[in-house]
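Trainee: What follows is a single structure, and I will ask about it in a moment.
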Amino acid sequence: MKRNLGNGRSIKCWEDDWHESGPWNLTFPRLYALETNHSCLVVDRYSQGHWSWQCRRNPKDGEEGSQLAALMEILSHLSLDSNPDYWTWEA
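The sequence shown begins at 159 in the working numbering and counts up by one.
Below, the structure is given as structure tokens:
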């Protein structure tokens with residue numbers, strides 16, 4: 159089963175498998191380590207058309223910078239809507 163993004167009110171941003179890249183805590187482990195709220199919801203990180211993060215410190219160059227660039231590329235194609243999040247079966 160996979161979560162599908164709607165309004166982001168029931169999907170854990172980092173820990174749920176809701177994007178084709180897989181759970182973000184596994185895909186972006188350096189950024190996950192910087193996050194102050196590991197169980198935040200997608201809606202907690204999206205406000206008025208913009209993504210925002212709560213990190214212990216700014217990401218550094220190197221692996222953290224690479225992961226941030228990859229995450230920002232994904233986010234540039236995502237937005238929330240008014241529909242609830244939903245589940246689908248994966249074969």
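All C-beta atoms, glycine included, are put in the ideal place defined by N, C-alpha and C.
What you are looking at is a predicted structure, and each value in this text was computed from that prediction instead of being measured.
Helix, strand or coil for TRP172, going by three-state DSSP, please let me know.
Mentor: TRP172: coil per DSSP, three-state reduction.
Trainee: Helix, strand or coil, according to DSSP, for LEU199 in the structure here?
Mentor: Note: LEU199 maps to strand in three-state DSSP.
Trainee: State the Cα-Cα distance for the pair PRO242 and VAL201, rounded to the nearest angstrom.
Mentor: The straight-line gap from Cα to Cα measures roughly 11 angstroms.
Trainee: Under three-state DSSP, which class holds GLU248?
Mentor: The answer is coil: DSSP assigns GLU248 none of H, G, I, E or B.
Trainee: Tell whether a beta-carbon distance below 8 angstroms holds between GLU178 and SER197.
Mentor: No.
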